[in-house]
Amino acid sequence: MSSKYESGIRQIPYSQQRVYDKLSDLSFMQQYQDNLSQIPADTLRVEDLQFSPDGFSCRVSPFGNVDLRIVEREEPKCIKLESTSSPVPLTFWVQILPTSEESSKIKLTLHTELNFFLKGLLNKPISDGMEKLADALAAMPY
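Counting in our numbering, the final residue of the sequence shown is number 143, and the numbers go up one at a time with none missing.
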């Protein structure tokens, strides 16, 4: 069963290009590893985060190992990642749109295939995790 999760739109006080430049190289996320391990934390636990310029991997308990790689960069407005290793297929987008010359907004979207049981179990933790991740990205210095 196809499932789509979207974060709310977050305002960022930095230009679209500046936000894109930072987010299109995921190795910067290594410095936020401890904070990211807390997302979503209620039902799912994120461990062993590793970042490279083109992707990241982690273990999500009780879900399993997840490896996402950037498959498309549409400068300066979109970064698309897909799972190369995951218990279920995942596609994740970061959309960045300008609101002025020096500010922008982001929205996160996740597509996955979850059976009825997993959707019932993971719906709230994934939704909460998307919102927390959007908050974290909006609060970062670019």
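Glycine included, every Cβ here is placed at the ideal spot set by N, Cα and C. It should be emphasised that the depicted structure is a prediction, and the values quoted were computed from it without experimental measurement.
Rounded Cβ spacing between residue i and residue j (contact assumed at less than 8 Å)
{"i": "K81", "j": "T92", "result": "7 Å"}
{"i": "S86", "j": "D68", "result": "4 Å"}
{"i": "G56", "j": "L27", "result": "6 Å"}
{"i": "Q12", "j": "P77", "result": "Rounded, the Cβ-Cβ distance is 17 Å, inconsistent with contact."}
Whole-angstrom distance between residue j and residue i, CA atom to CA atom
{"i": "F29", "j": "P142", "result": "11 Å"}
{"i": "S3", "j": "F117", "result": "10 Å"}
{"i": "E75", "j": "L111", "result": "17 Å"}
{"i": "S128", "j": "Y21", "result": "23 Å"}
{"i": "G121", "j": "Y6", "result": "14 Å"}
{"i": "T113", "j": "E102", "result": "34 Å"}
{"i": "Q31", "j": "L134", "result": "15 Å"}
The beta strand (DSSP E) enclosing residue i, as first and last residue numbers
{"i": "F52", "result": "46-53"}
{"i": "L27", "result": "From DSSP, L27 is part of no beta strand (DSSP E); its letter is neither H nor E."}
{"i": "I97", "result": "91-101"}
Residue i: first and last residue of the uninterrupted alpha helix (DSSP H) it sits in
{"i": "Y6", "result": "Unbroken run through Y6 is the beta strand (DSSP E), 3-7; no alpha helix (DSSP H)."}
{"i": "L119", "result": "117-140"}
Proximity winner among the options, relative to residue i (alpha-carbon distances)
{"i": "S104", "options": "A139, M131, Y33, T113", "result": "A139"}
{"i": "E83", "options": "M131, S58, P99", "result": "S58"}
{"i": "S62", "options": "E73, I10, S8, E48", "result": "E48"}
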